[in-house]
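What follows is a single structure, written as structure tokens, with notes after it.
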Amino acid sequence: MLISFEGIDGSGKSTQIEFLRKRLKEAGHTVRVFREPGGSEISERIRSILLDANQKINPVTELLLFSAARSQLVAEKVIPLLEEGTVVILDRFYDSTTAYQGYGRESVPIDYINEINTIASHQREPNLTFYMRLSVEQAEKRTAQKEKDRMERSGKDFYQKVVEGFDKLAESEKRFITLDAEKPKEIIQDQIWDHVSALL
Ligand code: TYD
């Protein structure tokens, strides 16, 4: 089973992923978690280029680098693990590319993004995608103290478009489960577990 988590920076994905990982383990499942971009040596190297605040990266180059990092992670780790029956949890997957590079950066038309996503994911689709929905204002409050990486320096208008992108995906993709990231984390945990356990 492949489960992805999506949402803007500060939406609380990591906390929920850690909770789900533990709960699946307690239920006797083998679980692996990977972050995107990253999760394999090559993908982590690409990540350091992508998040380097000293670099100026062309939007199309950015799109292709996120996709290249994804392709390597999926081929090297995700597919073999899924074939062994491991539950794989991804901290971001190609919906982030649609939201950030497609709607946020408007790098290329969304139809092209969809094609690139299909290629980079080696045609793997998540069984479930949890979208931790948070307003840009709330996210800004939560991340105010953090040192900002290259993506996080993109500004409020950019993040507003990213949220709109995720909202559009949530309307059109059946695998999307939208969660209100402002709710207490215990409530969100239970909602996530209800959906995952129904699929197991
Ligand atoms: P990260 O520190 O992992 O952010 P977070 O903890 O919020 O997930 O950095 C990943 C950044 O890269 C984040 O700003 C989102 C962005 N991103 C894209 O723009 N496109 C993508 O396809 C992916 C996977 C991430």
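With the first letter of the sequence shown counted as 1, position 176 gets the number 175 in numbering that gives the first Met the number 0; the numbers rise by one all the way through. Backbone N, C-alpha and C define an ideal beta-carbon position, used for all residues, glycine too. All values reported here derive from a predicted model rather than from experimental measurement.
Residue 29 sits away from residue 184, with the two beta carbons spaced by 9 Å or more. DSSP, read as helix, strand or coil, puts residue 148 in coil. Distance from the CA of residue 88 to the CA of residue 132, rounded to the nearest whole angstrom, comes to 18 Å. For residue 32, no alpha helix (DSSP H) segment is defined; the enclosing uninterrupted segment is the beta strand (DSSP E) at 30 to 34. Only buried fits residue 61, as 16 or more other CB atoms lie within 10 angstroms of its CB. Secondary structure of residue 174 (DSSP, three-state): coil.
In this structure, the C-beta of residue 175 stays at least 8 Å away from each heavy atom of the ligand TYD. Counting the other Cβ atoms within 10 Å of the Cβ of residue 66 gives 16 or more, which makes it buried. Between the alpha carbons of residue 188 and residue 153 lies a distance of about 30 Å.
Here residue 191 carries a helix assignment [DSSP, helix/strand/coil].
Counting only runs that start and end inside the region 55 to 133, the alpha helix (DSSP H) elements of at least 4 residues fall at 58 to 72, 78 to 83 and 109 to 119. At least 9 Å separates the beta-carbon of residue 96 from that of residue 130. For residue 132, the shortest separation between its Cβ and any heavy atom of the ligand TYD does not lie below 8 Å. By DSSP's assignment, residue 1 forms a beta bridge with 87. If you look at residue 138, you'll find it in the alpha helix (DSSP H) that goes 135 to 142.
Here the residues close to the ligand TYD, judged by CB distance below 5 Å to any of its heavy atoms, are 8, 35, 65, 91, 95, 96, 99 and 150 in chain order. Per the coordinates, the alpha-carbon of residue 103 lies some 15 Å from the alpha-carbon of residue 111.
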